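Chains as they are written, first to last, in this note's numbering: chain A, 58 to 454; chain B, 58 to 454.
The structure appears below as structure tokens.
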């Protein structure tokens, strides 16, 4: 038996007066729910507000309090960079600074193609540290510092708004390593500004790409591989860099799907096809759709509802037809009324041949609260998956 | 008030399309369920696959991660051997070895009477260690090593199948104690083979008892007694050596019941009578029936279903009539479709005069998932029992 672990990002919601899951017409998911056992999932711990990074780590069985050290390394891995133990990585934005103030955090929403031209200015040596920049989509990229005695405990240079100066980077602990990393970061940001100021590629740009804003510092450390820990061969079908990054961090295989843009336009059928093919070779295929969360952050109820309906129409029939086992849930609640992550639990559905069922007939926040699984903790999900796949190990005899 | 803590081994199951508990006609248990509060029990932790030994420890309030050190000592205690701190004990099988290979792991299912004749060859001194063997039922027994500097961290010599050599014993940690224990074990196994090879009792046996296979090594250490920790005077009515062993480990009293064979033929009425008598003297009587698990391991749905029906018919009326409080559950799920323990929760029922009830009317895996207790952790059971018996201690004032 193979299993699809399907996460719709930010799926959970609050009623206004219905939640998007309640309002959406989703006959396929609901029919599946009627043949499943359901419950409410607390991704990290009850009423802790999860990040997408910490939540996915926990749902894959990696306690984020042990295995999470900032988003930077996960993003860097997600865009294909190779990391070594001790590397410090940041997420980076090409930005426009005018009179010392951040004027545009995205350098006029610079295109991927345009942004690529600046990549060559952004890798350099600072003291004994090698800084390597890699461009990803539009204004986004990641920078990795490689050298002796670095540490991820430093603040952002990205002020997260316009009209203010880029922040100076500060150490957040007393270690010599954090102090060195902050110093390197500030020197790097300054060197980048000088190089970009003279870049001929900025000629004619209304909003020149003349600064790099850094955030989410973290120090990479190799972790025990997913297959080694759980005896499950796993692959990842996800459009977003972060999700690919989490999976690379755990040494899952990444399947790249043409048309999987990781946003609202993503090609769901292409993703579904890739999942079906991967089921032949892997014990578990992790499938991730980002757009449910993006609509939530935009406060767009109709958008989220219609995205759920599109998933039900375009993706679910393929998944159901595969007769693979399924675990379907979200990584956290992002209510359209709040536009941010909250600590509310998320509905979860477990379906497999021979598994127990309950009496719940619909997959939503209210119905699944009556489900047979009750309140499930994030760390329990991987054990449920191991039980379904016959990969558990008995404790005792 | 006195309480019966009734565990049906491996009781939990999966639907095919009903579970044995759902399929069984069990009017007495169901009538009791209607007057009880129910829930689903995770014996160790959610979706961790329990052994019978670790699970019973946890259900008695002893965290197995602290108090469990292998099955050997529990089995040795269960067949009546006395252990001292630092003793290492194994479960042992009389076996037939031919041309160096294990030909029969049970020496032709040797009878208890025949096996008893070999006992005298199996206790001896190895270096400064005293090895003591005791026979139990058929090919089964236990061996205890008593001496300075021993440790239970060693592997089995029982290869758990035929057609291969008995395994050499290896230490599983780097300690000098584990190394010594492995050396003693290998010397003992060799000495046993020499003694049994010349035993006149093997003359005429098609499958001579010419080797002893050892497994489940563990080091005994006295633990705080059950009555001391929980202020509950407890007795045990169980046929299987392991369950008696766990109870002796915790210094509960063991009540031996004639006809309680610990298998499918066990005399349930005799067990019931013993429980009723013990209720006069003890706060809690632990009642264990093994056969539900045995039928599960055999993949015998009808057998398990009929065993439940027999329990309902022969045992439950006596227990209910006693008007004792009751906690009824299993120590783990053993689905007949899987034939091994799994990590699924088990239905649990708590009944006592004056306790809360819920709306659940049937005692099974699906109904009790709607129960008022919700998801119960193994470690919580003893606290529930303490509350019922008025033996809890307030935390704070």
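All C-beta atoms in this analysis are idealised placements derived from N, C-alpha and C, irrespective of residue type, glycine included.
Computed from a prediction, not measured in an experiment: that's the story for all the values here.
Buried or exposed: residue 450 of chain A, going by 16 or more other Cβ atoms within 10 Å of its Cβ?
As a first step, residue 450 of chain A must be located in the first chain, where it is residue number 393. It counts as exposed.
CB-CB under 7 Å to residue 287 of chain A, same chain, minus the five flanking residues each way: which ones, in chain order?
If you number the first chain from 1, residue 287 of chain A lands on position 230. Taken in chain order, the residues that qualify are 118, 439, 443, 448.
Just to make sure I have the definition right: I need the residues of chain A whose C-beta is within less than 9 Å of the C-beta of residue 431 of chain B. Which are they?
Start at 1 with the first residue of the second chain, and residue 431 of chain B comes out as number 374. Simply 431, 432.
Using DSSP bridges, identify the partner residues of residue 164 of chain B.
Taking the first residue of the second chain as 1, we reach residue 164 of chain B at position 107. Per DSSP, residue 164 of chain B has no beta-bridge partner at all.
Leaving out five residues on either side along the sequence, give the residues of the same chain with a beta carbon under 8 Å from the beta carbon of residue 165 of chain B.
In the second chain, the residue the question calls residue 165 of chain B occupies position 108. Correct list, in chain order: 153, 262, 263, 264.
If contact means a Cβ-Cβ distance below 7 Å, which residues of the region 118 to 138 of chain B contact chain A?
121, 125, 128
Taking 8 Å as the cut-off, decide whether the C-beta atoms of residue 95 of chain A and residue 429 of chain A are in contact.
Residue numbering aside, residue 95 of chain A sits at position 38 when the first chain is read from its first letter. Residue numbering aside, residue 429 of chain A sits at position 372 when the first chain is read from its first letter. Yes, the pair counts as a contact, with Cβ atoms nearer than the cut-off.
Starting from residue 432 of chain A and walking both ways along the beta strand (DSSP E), at which residues does that stretch end?
The residue labelled residue 432 of chain A in the question sits at position 375 within the first chain. Start and end: 431 to 434.
Does the distance between the C-beta of residue 293 of chain A and the nearest non-hydrogen atom of the ligand HEM fall short of 7 Å?
The ligand HEM is absent from the structure shown, which contains no ligands of any kind.
If you check the beta carbons only, do residue 369 of chain B and residue 85 of chain B fall under 8 Å apart?
Position 312 of the second chain, counted from the start, is the residue given in the question as residue 369 of chain B. Position 28 of the second chain, counted from the start, is the residue given in the question as residue 85 of chain B. Against a cut-off of 8 Å, the Cβ pair of residue 85 of chain B and residue 369 of chain B comes out as a contact.
Excluding five sequence neighbours on each side, which residues of the same chain lie with their C-beta closer than 6 Å to the C-beta of residue 406 of chain A?
The residue given as residue 406 of chain A occupies position 349 in the first chain. Cβ neighbours of residue 406 of chain A beyond the five flanking positions: 90, 93, 95, 385, 420.
Report the rounded CA-to-CA distance for residue 284 of chain A versus residue 223 of chain A, giving the unit in angstroms.
Looking up residue 284 of chain A in the first chain gives position 227. Looking up residue 223 of chain A in the first chain gives position 166. If you take the alpha carbons of residue 284 of chain A and residue 223 of chain A, they lie about 42 Å apart.
Could you tell me whether the region 167 to 174 of chain B touches the region 185 to 202 of chain B, using the rule of 3 or more Cβ pairs below 8 Å?
yes
Tell whether a beta-carbon distance below 8 Å holds between residue 277 of chain B and residue 87 of chain B.
Taking the first residue of the second chain as 1, we reach residue 277 of chain B at position 220. Taking the first residue of the second chain as 1, we reach residue 87 of chain B at position 30. Their beta carbons are not under 8 Å apart, which means residue 277 of chain B does not touch residue 87 of chain B by this criterion.
CA nearest to the CA of residue 236 of chain B, picked from B/395, B/211, B/217
Walking along the second chain from the start, residue 236 of chain B turns up at place 179. That would be B/211, whose Cα lies nearest to the Cα of residue 236 of chain B.
Do we get a CB-CB distance below 8 Å when we pair residue 351 of chain B with the residues of chain A?
As a position in the second chain, residue 351 of chain B is number 294, starting the count at 1. Not closer than 8 Å to any Cβ of chain A, the Cβ of residue 351 of chain B fails to qualify, so no.
Could you check which residue in B/390, B/345, B/353, B/351 has the C-alpha nearest to that of residue 372 of chain B?
The sequence position of residue 372 of chain B within the second chain is 315, counting from 1. Checked all of B/390, B/345, B/353, B/351; the closest Cα to residue 372 of chain B is B/345.
Check residue 65 of chain B in the structure and name its three-state DSSP category.
Counting from 1 along the second chain, the entry for residue 65 of chain B is found at position 8. Residue 65 of chain B falls in the strand class under three-state DSSP.
Can you pull the chain B residues whose beta carbon is under 8 Å from the beta carbon of residue 450 of chain A, in chain order?
Taking the first chain and counting its residues from 1, the one referred to as residue 450 of chain A is at position 393. Within chain B, the residues near residue 450 of chain A are 106.
What would DSSP say about residue 285 of chain B, mapped onto helix, strand or coil?
Within the second chain, the letter at position 228 stands for residue 285 of chain B. It is helical.
Run down chain A in chain order and give the residues with a C-beta less than 8 Å from the C-beta of residue 399 of chain B.
For the purposes of this step, residue 399 of chain B is taken as the residue at position 342 of the second chain. Taking a Cβ-Cβ threshold of 8 Å, the residues of chain A close to residue 399 of chain B are 444, 449, in chain order.
Could you tell me if residue 454 of chain B is buried or exposed, where buried requires 16 or more neighbouring beta carbons within 10 angstroms of its beta carbon?
To locate residue 454 of chain B, count along the second chain from 1; it is residue 397. By the neighbour-count rule (16 or more Cβ atoms within 10 Å), residue 454 of chain B is not buried but exposed.
Taking 8 Å as the CB-CB cut-off, is residue 206 of chain B touching chain A?
Residue numbering aside, residue 206 of chain B sits at position 149 when the second chain is read from its first letter. Residue 206 of chain B does not count as touching chain A.
Pull the bridge partners of residue 199 of chain A from the DSSP assignment, please.
To locate residue 199 of chain A, count along the first chain from 1; it is residue 142. Bridge partners of residue 199 of chain A: A/148, A/191.
When the Cα of residue 401 of chain A is compared with those of A/318, A/275, A/130, A/97, which residue comes out closest?
Counting from one through the first chain, the residue named residue 401 of chain A turns up at place 344. Selected option, being the one with the closest Cα: A/97.
Reference residue 180 of chain B; option with closest CA among B/219, B/120, B/269, B/137:
Here residue 180 of chain B corresponds to residue number 123 of the second chain, with the count starting at 1. The shortest Cα separation from residue 180 of chain B among B/219, B/120, B/269, B/137 belongs to B/269.
Using 8 Å as the Cβ pair cut-off and three pairs as the minimum, do the region 247 to 258 of chain A and the region 226 to 236 of chain A touch?
no
Can you name the start and end residues of the alpha helix (DSSP H) that residue 129 of chain B belongs to?
Here the question's residue 129 of chain B lines up with position 72 in the second chain. It spans 129 to 135 - the alpha helix (DSSP H) in which residue 129 of chain B sits, taken as one unbroken run.
Evaluate contact between the region 133 to 140 of chain A and the region 237 to 251 of chain A, counting only Cβ atoms and requiring at least three cross-stretch pairs below 8 Å.
Segments in contact, no.
Three-pair Cβ contact test at 8 Å for the region 381 to 398 of chain B versus the region 345 to 361 of chain B
yes
Can you tell me whether residue 380 of chain A is buried or exposed, with buried defined as 16 or more other CB within 10 angstroms of its CB?
Residue 380 of chain A sits at position 323 when you count from the first residue of the first chain. That one is exposed.
Go ahead and label residue 315 of chain A buried or exposed: buried means 16 or more other beta carbons lie within 10 angstroms of its beta carbon, across all protein chains shown.
Here residue 315 of chain A is taken as the residue at index 258 of the first chain, counted from 1. With fewer than 16 other Cβ atoms within 10 Å, it is exposed.
Give me the Cα-Cα distance between residue 63 of chain B and residue 128 of chain B, rounded to the nearest whole angstrom.
Translated into the one-based positions of the second chain, residue 63 of chain B becomes position 6. Translated into the one-based positions of the second chain, residue 128 of chain B becomes position 71. Straight through space, the alpha carbons of residue 128 of chain B and residue 63 of chain B are spaced by roughly 22 Å.
I'd like to know whether the C-beta of residue 340 of chain A is nearer than 8 Å to at least one C-beta of chain B.
Within the first chain, the letter at position 283 stands for residue 340 of chain A. False, the Cβ-Cβ gap to chain B never drops below 8 Å.
Residues within the region 416 to 429 of chain B neighbouring chain A, beta-carbon criterion of under 7 Å:
Answer in chain order: 422, 423, 426.
Contacting residues, own chain, Cβ-Cβ under 8 Å from residue 289 of chain A (five flanking each side not counted)
As a first step, residue 289 of chain A must be located in the first chain, where it is residue number 232. Here the set comprises 283, 340, 341, 442, 443, 446, 448.
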